[in-house]
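Peer 1: Take this structure first; my questions come after.
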Amino acid sequence: MIIVLSDTHNIIRPELTPILTGAERILHAGDVMEQAALDKLAAFAPVTAVRGNCDRDWADPLPEELLFSLHGKQIYMVHNRKQASSLADQADIMIFGHSHRYEQRQVGQQLWLNPGSCGPRRFLGAVTLATLEINDTSGAVSVQRVDLTTAPADAGSPRDGNTFGPGDTARMVETIVRELKRGRSVPEIIQRHGLPEDLTNQIVQIYYTHPGVDTIGVLNRLEIAGK
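Encoded structure:
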(Lines of atoms letter the chains of each structure in order from A and count residues from 1; the text may use other names and numbers.)
(Lines give C-alpha, C1' and ligand atoms only; values in the text may rest on other atoms or scores of the structure.)
Protein backbone atom coordinates (compact mmCIF):
# COMPACT_ATOMS: atom_id res chain seq x y z
CA MET A 1 0.00 0.00 0.00
CA ILE A 2 1.27 3.47 -0.93
CA ILE A 3 0.51 6.35 1.43
CA VAL A 4 -0.06 9.74 -0.18
CA LEU A 5 -0.02 12.83 2.01
CA SER A 6 0.77 16.53 1.89
CA ASP A 7 0.96 19.74 3.89
CA THR A 8 1.88 18.14 7.19
CA HIS A 9 3.54 21.41 8.31
CA ASN A 10 5.74 19.61 10.84
CA ILE A 11 2.79 17.78 12.42
CA ILE A 12 2.95 13.99 12.26
CA ARG A 13 -0.25 12.99 14.02
CA PRO A 14 -0.22 9.87 16.22
CA GLU A 15 -3.32 8.69 14.33
CA LEU A 16 -1.02 8.13 11.35
CA THR A 17 0.93 5.33 13.04
CA PRO A 18 -1.44 2.41 12.31
CA ILE A 19 -1.92 3.67 8.75
CA LEU A 20 1.79 4.02 8.04
CA THR A 21 2.70 0.68 9.57
CA GLY A 22 3.32 -1.77 6.77
CA ALA A 23 3.32 0.89 4.04
CA GLU A 24 5.34 0.11 0.93
CA ARG A 25 6.08 3.73 0.04
CA ILE A 26 5.15 7.18 1.32
CA LEU A 27 4.61 10.01 -1.17
CA HIS A 28 4.65 13.54 0.28
CA ALA A 29 3.49 16.44 -1.90
CA GLY A 30 5.27 19.19 0.00
CA ASP A 31 5.08 21.65 2.88
CA VAL A 32 6.88 19.32 5.24
CA MET A 33 8.50 22.22 7.20
CA GLU A 34 11.42 20.32 8.82
CA GLN A 35 13.69 17.40 8.01
CA ALA A 36 12.71 15.78 11.31
CA ALA A 37 9.18 15.26 9.98
CA LEU A 38 10.50 13.40 6.94
CA ASP A 39 12.73 11.34 9.22
CA LYS A 40 9.69 10.29 11.27
CA LEU A 41 7.91 9.16 8.12
CA ALA A 42 11.01 7.39 6.80
CA ALA A 43 11.00 5.19 9.91
CA PHE A 44 7.91 3.49 8.42
CA ALA A 45 8.76 3.29 4.70
CA PRO A 46 10.87 4.94 1.97
CA VAL A 47 9.69 8.52 1.39
CA THR A 48 9.48 10.33 -1.93
CA ALA A 49 8.85 14.06 -1.45
CA VAL A 50 8.78 17.32 -3.36
CA ARG A 51 9.45 20.79 -1.99
CA GLY A 52 6.52 22.99 -0.97
CA ASN A 53 6.33 26.77 -0.78
CA CYS A 54 6.80 26.61 3.01
CA ASP A 55 9.86 24.34 2.80
CA ARG A 56 12.91 26.59 3.21
CA ASP A 57 16.69 26.22 3.11
CA TRP A 58 16.83 22.74 4.64
CA ALA A 59 14.67 21.49 1.76
CA ASP A 60 16.91 22.70 -1.08
CA PRO A 61 17.84 19.08 -1.98
CA LEU A 62 14.16 18.25 -2.49
CA PRO A 63 12.98 18.64 -6.10
CA GLU A 64 10.15 21.00 -7.00
CA GLU A 65 8.69 18.30 -9.25
CA LEU A 66 9.22 14.63 -9.88
CA LEU A 67 8.28 12.14 -12.58
CA PHE A 68 8.92 8.50 -11.74
CA SER A 69 7.60 5.01 -12.39
CA LEU A 70 5.87 2.90 -9.75
CA HIS A 71 4.32 -0.48 -10.50
CA GLY A 72 4.23 0.37 -14.19
CA LYS A 73 2.50 3.73 -13.74
CA GLN A 74 4.09 7.11 -14.38
CA ILE A 75 3.57 9.35 -11.36
CA TYR A 76 4.14 13.09 -11.39
CA MET A 77 4.42 15.06 -8.15
CA VAL A 78 4.40 18.82 -7.55
CA HIS A 79 3.26 20.86 -4.56
CA ASN A 80 1.11 23.42 -6.38
CA ARG A 81 -0.73 22.04 -9.42
CA LYS A 82 -0.61 25.50 -11.03
CA GLN A 83 3.18 25.15 -11.17
CA ALA A 84 3.13 21.81 -12.99
CA SER A 85 5.43 21.65 -16.01
CA SER A 86 5.05 19.77 -19.26
CA LEU A 87 6.43 16.71 -17.47
CA ALA A 88 2.95 16.25 -16.03
CA ASP A 89 1.67 15.38 -19.50
CA GLN A 90 3.61 12.10 -19.34
CA ALA A 91 1.98 10.94 -16.12
CA ASP A 92 -0.79 8.48 -15.44
CA ILE A 93 -1.23 9.93 -11.95
CA MET A 94 -0.61 13.54 -10.89
CA ILE A 95 -0.18 14.11 -7.15
CA PHE A 96 -0.20 17.60 -5.66
CA GLY A 97 -1.13 19.50 -2.49
CA HIS A 98 -1.08 23.15 -1.38
CA SER A 99 -4.82 23.79 -1.06
CA HIS A 100 -5.30 21.62 2.08
CA ARG A 101 -8.43 20.28 0.37
CA TYR A 102 -8.89 16.70 -0.78
CA GLU A 103 -9.40 16.28 -4.52
CA GLN A 104 -9.65 13.13 -6.59
CA ARG A 105 -10.82 13.17 -10.18
CA GLN A 106 -10.19 11.70 -13.58
CA VAL A 107 -9.00 14.20 -16.21
CA GLY A 108 -8.88 12.42 -19.53
CA GLN A 109 -6.61 9.42 -19.02
CA GLN A 110 -4.96 11.01 -15.99
CA LEU A 111 -5.83 10.66 -12.30
CA TRP A 112 -5.47 13.87 -10.30
CA LEU A 113 -4.99 13.36 -6.57
CA ASN A 114 -4.63 15.93 -3.81
CA PRO A 115 -4.60 14.09 -0.45
CA GLY A 116 -5.45 17.27 1.46
CA SER A 117 -3.67 18.07 4.72
CA CYS A 118 -3.13 15.61 7.52
CA GLY A 119 -1.17 18.19 9.48
CA PRO A 120 -2.92 21.37 10.65
CA ARG A 121 -6.62 21.76 10.02
CA ARG A 122 -7.28 24.68 7.66
CA PHE A 123 -10.34 26.55 8.91
CA LEU A 124 -12.81 23.71 9.62
CA GLY A 125 -11.75 21.46 6.78
CA ALA A 126 -11.18 17.73 7.12
CA VAL A 127 -7.79 16.27 8.03
CA THR A 128 -7.10 13.76 5.27
CA LEU A 129 -4.65 11.62 3.36
CA ALA A 130 -5.02 8.93 0.70
CA THR A 131 -3.97 5.34 0.16
CA LEU A 132 -3.00 4.24 -3.32
CA GLU A 133 -2.79 0.70 -4.66
CA ILE A 134 -1.64 -0.30 -8.14
CA ASN A 135 -2.31 -3.82 -9.38
CA ASP A 136 0.86 -5.16 -11.00
CA THR A 137 -1.08 -7.54 -13.24
CA SER A 138 -4.00 -5.45 -14.46
CA GLY A 139 -2.61 -1.98 -13.87
CA ALA A 140 -5.81 -1.02 -12.06
CA VAL A 141 -5.44 1.89 -9.67
CA SER A 142 -7.39 2.03 -6.40
CA VAL A 143 -7.50 5.17 -4.25
CA GLN A 144 -9.09 5.52 -0.85
CA ARG A 145 -9.59 8.73 1.04
CA VAL A 146 -8.72 8.50 4.75
CA ASP A 147 -10.27 11.04 7.14
CA LEU A 148 -8.30 11.35 10.36
CA THR A 149 -10.80 13.77 11.88
CA THR A 150 -14.25 14.44 10.53
CA ALA A 151 -15.93 16.31 13.39
CA PRO A 152 -15.47 20.09 13.75
CA ALA A 153 -14.23 19.69 17.32
CA ASP A 154 -11.07 17.73 18.13
CA ALA A 155 -10.92 18.72 21.79
CA GLY A 156 -13.98 17.20 23.41
CA SER A 157 -17.64 18.05 23.74
CA PRO A 158 -18.65 21.69 24.17
CA ARG A 159 -19.84 22.64 27.63
CA ASP A 160 -22.07 25.54 26.73
CA GLY A 161 -23.78 24.23 23.59
CA ASN A 162 -21.93 26.64 21.32
CA THR A 163 -20.76 24.58 18.33
CA PHE A 164 -19.22 25.64 15.05
CA GLY A 165 -19.63 24.19 11.61
CA PRO A 166 -18.15 24.87 8.18
CA GLY A 167 -18.39 28.56 7.31
CA ASP A 168 -18.41 29.64 10.96
CA THR A 169 -14.76 30.68 11.12
CA ALA A 170 -15.55 34.38 11.57
CA ARG A 171 -17.84 33.63 14.51
CA MET A 172 -15.16 31.36 15.94
CA VAL A 173 -12.60 34.18 15.77
CA GLU A 174 -14.99 36.55 17.53
CA THR A 175 -15.66 33.96 20.23
CA ILE A 176 -11.99 33.25 20.86
CA VAL A 177 -11.10 36.94 21.08
CA ARG A 178 -14.00 37.59 23.45
CA GLU A 179 -12.93 34.73 25.71
CA LEU A 180 -9.28 35.84 25.71
CA LYS A 181 -10.38 39.31 26.84
CA ARG A 182 -12.28 37.65 29.68
CA GLY A 183 -9.02 36.07 30.84
CA ARG A 184 -9.79 32.47 29.90
CA SER A 185 -6.90 30.19 28.95
CA VAL A 186 -6.60 28.66 25.49
CA PRO A 187 -7.24 25.06 26.71
CA GLU A 188 -10.31 26.29 28.57
CA ILE A 189 -11.61 28.06 25.45
CA ILE A 190 -11.04 24.95 23.33
CA GLN A 191 -12.89 22.73 25.80
CA ARG A 192 -15.67 25.19 26.54
CA HIS A 193 -16.62 25.68 22.89
CA GLY A 194 -15.52 22.35 21.39
CA LEU A 195 -12.98 24.03 19.09
CA PRO A 196 -10.30 22.38 16.92
CA GLU A 197 -6.99 22.81 18.72
CA ASP A 198 -4.81 23.54 15.67
CA LEU A 199 -7.02 26.29 14.30
CA THR A 200 -7.61 27.85 17.73
CA ASN A 201 -3.87 28.08 18.33
CA GLN A 202 -3.41 29.73 14.92
CA ILE A 203 -6.07 32.32 15.72
CA VAL A 204 -4.61 33.02 19.16
CA GLN A 205 -1.12 33.44 17.71
CA ILE A 206 -2.35 35.91 15.09
CA TYR A 207 -4.33 37.82 17.72
CA TYR A 208 -1.36 38.20 20.07
CA THR A 209 1.25 38.96 17.40
CA HIS A 210 -0.88 41.55 15.56
CA PRO A 211 -2.23 43.94 18.24
CA GLY A 212 -5.47 45.61 17.22
CA VAL A 213 -6.21 43.17 14.38
CA ASP A 214 -9.93 42.72 13.72
CA THR A 215 -11.85 39.60 12.67
CA ILE A 216 -11.30 40.24 8.96
CA GLY A 217 -7.60 40.74 9.59
CA VAL A 218 -7.36 37.42 11.41
CA LEU A 219 -9.27 35.63 8.63
CA ASN A 220 -7.00 37.16 5.97
CA ARG A 221 -3.88 36.05 7.83
CA LEU A 222 -5.32 32.56 8.27
CA GLU A 223 -5.90 32.36 4.53
CA ILE A 224 -2.33 33.47 3.79
CA ALA A 225 -0.93 30.94 6.27
CA GLY A 226 -2.94 28.16 4.62
CA LYS A 227 -1.61 28.81 1.10
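Residues 1300 to 1526 in the numbering used here are what the sequence shown lists, from first letter to last. The beta-carbon is built from N, C-alpha and C at its ideal position, and this holds for glycine as well. Fair warning: this is a prediction, and the values are worked out from it, not measured in the lab.
Helix, strand or coil: which one does DSSP assign to L1428?
Peer 2: Here L1428 sits in strand by DSSP.
Peer 1: Helix, strand or coil for H1399? Go by DSSP, reduced to three states.
Peer 2: Looking at H1399 - three-state DSSP - the assignment turns out to be coil, as it is neither helix nor strand.
Peer 1: Check Q1490 in the structure and name its three-state DSSP category.
Peer 2: Q1490 falls in the helix class under three-state DSSP.
Peer 1: From E1478 to V1503, what does the alpha carbon distance come to, in whole angstroms?
Peer 2: Using only the alpha carbons, I get a separation of about 11 Å.
Peer 1: Measure from the alpha carbon of L1521 to the alpha carbon of each residue in T1468, N1434, R1400, A1387, then state which is nearest.
Peer 2: Considering only alpha carbons, the answer is T1468.
Peer 1: Would you kindly check if the distance between the Cβ of A1348 and the Cβ of H1327 is under 8 Å?
Peer 2: Cβ atoms of H1327 and A1348: closer than 8 Å.
Peer 1: Any idea if A1425 is buried or exposed, counting beta-carbon neighbours within 10 angstroms, 16 or more meaning buried?
Peer 2: A1425 is buried by the Cβ-count criterion.
Peer 1: Which first and last residues belong to the beta strand (DSSP E) in which L1470 is found?
Peer 2: According to the sequence as given, residue 1470 is Arg; it is not Leu. Run containing R1470: none in the beta strand (DSSP E); it sits in the alpha helix (DSSP H), 1468 to 1480.
Peer 1: Residues in its own chain within less than 6 Å of L1340 by CB, not counting five upstream and five downstream?
Peer 2: Once the five neighbours on either side are set aside, the close Cβ partners of L1340 are I1325, V1346.
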